[in-house]
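Trainee: One structure follows; several queries about it will come next.
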Ligand code: T46
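Numbering (the working numbering), first residue to last: 8 to 142.
So this is what it looks like as C-alpha cells:
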C-alpha cells in the first residue's frame with residue numbers, strides 16, 4: 008500500500024529530555040493548514056470510518072497508544088501508534104478507522120487542508136465506487 012508511510016522524526020536530545028520540531032515541506036510532506044488533536048477517547052470507541060478525496064495528514068500519537076486500520080480498497084493494514092517520534096502519513100483515498108485507545112492516548116494530526124465536510128466519504132460502498140470511477 009503506497010498511500011501511507013511511517014516517518015521517523017529527528018529527536019533533539021541533550022540530557023534535558025527530547026525536542027522534536029516539525030516543519031512543513033521538510034519533516035511534513037505538505038503545507039500544514041490545520042492542526043487538531045484527539046484525547047480522552049473511550050477504549051472501545053471506533054473513530055474515523057471514512058476516507059478523504061483530497062486531504063493528506065500526518066498523525067502523531069503524542070502519548071499512550073492506539074491502532075489505525077488503513078484500507079485502499081485492495082489491501083488492509085493495521086498500524087499500532089505508540090511513539091511521539093513517529094508520524095503516520097496517510098494520503099487521500101484511504102479508508103481509516105482507529106480504535107483500541109489507551110486511557111492516556113493523545114493524538115495530534117497535521118492536515119494539508121482546512122476542514123471541509125465535502126472532502127469526506129463516509130460510506131464504504133461509495134468509497135469503493137469512487138476509487139474505480141475512472142476504470
Ligand atoms: C481523520 C481522523 C484521523 C471540526 O470541526 N474540525 C476539524 O478539523 C475536524 C477534524 C473535526 N471537526 C468536527 C467535526 C465533528 O463534529 O469535530 C467532530 C468530530 O470529527 P470526526 O467525527 O470527523 O472525528 P474522527 O476522529 O472520526 O476523524 C478525524 C478527522 O475528521 C479525520 O479527517 O482522518 O480524525
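Ideal Cβ placement from N, Cα and C applies to all residues, glycine included.
#1: Return the CA-CA distance between residue 125 and residue 90, expressed in angstroms with no decimal places.
#2: Spatial neighbours of residue 50 within its chain, please: CB distance less than 6 Å, with the 5 preceding and 5 following residues excluded, ordered by chain position.
#3: Would you decide whether residue 65 is buried or exposed? Buried here means 16 or more other CB atoms lie within 10 Å of its CB.
#4: Consult DSSP for residue 122 and reduce its assignment to one of helix, strand or coil.
#5: If we ignore side chains and look at the alpha-carbon of each, how far apart do residue 8 and residue 80 end up?
#6: How many Å lie between residue 27 and residue 103 at the Cα?
Mentor: Looking at the atomic coordinates:
#1: Taking the chain shown and counting its residues from 1, the one referred to as residue 125 is at position 118. Taking the chain shown and counting its residues from 1, the one referred to as residue 90 is at position 83. Each residue's Cα considered, the two are about 31 Å apart.
#2: Taking the first residue of the chain shown as position 1, residue 50 is located at position 43. Around residue 50: 108.
#3: For the purposes of this step, residue 65 is identified with residue 58 of the chain shown, where counting begins at 1. Label assigned to residue 65: buried.
#4: Position 115 of the chain shown holds residue 122. In this structure, residue 122 counts as coil in the three-state DSSP scheme.
#5: On the chain shown, position 1 is the one that residue 8 refers to. On the chain shown, position 73 is the one that residue 80 refers to. Its pLDDT being 48, under 50, residue 8 is placed unreliably by the model, and the measurement read from it follows with that caveat. About 10 Å.
#6: Along the chain shown, read from residue 1 onward, the residue named residue 27 stands at position 20. Along the chain shown, read from residue 1 onward, the residue named residue 103 stands at position 96. Distance between the alpha carbons of residue 27 and residue 103: 26 Å.
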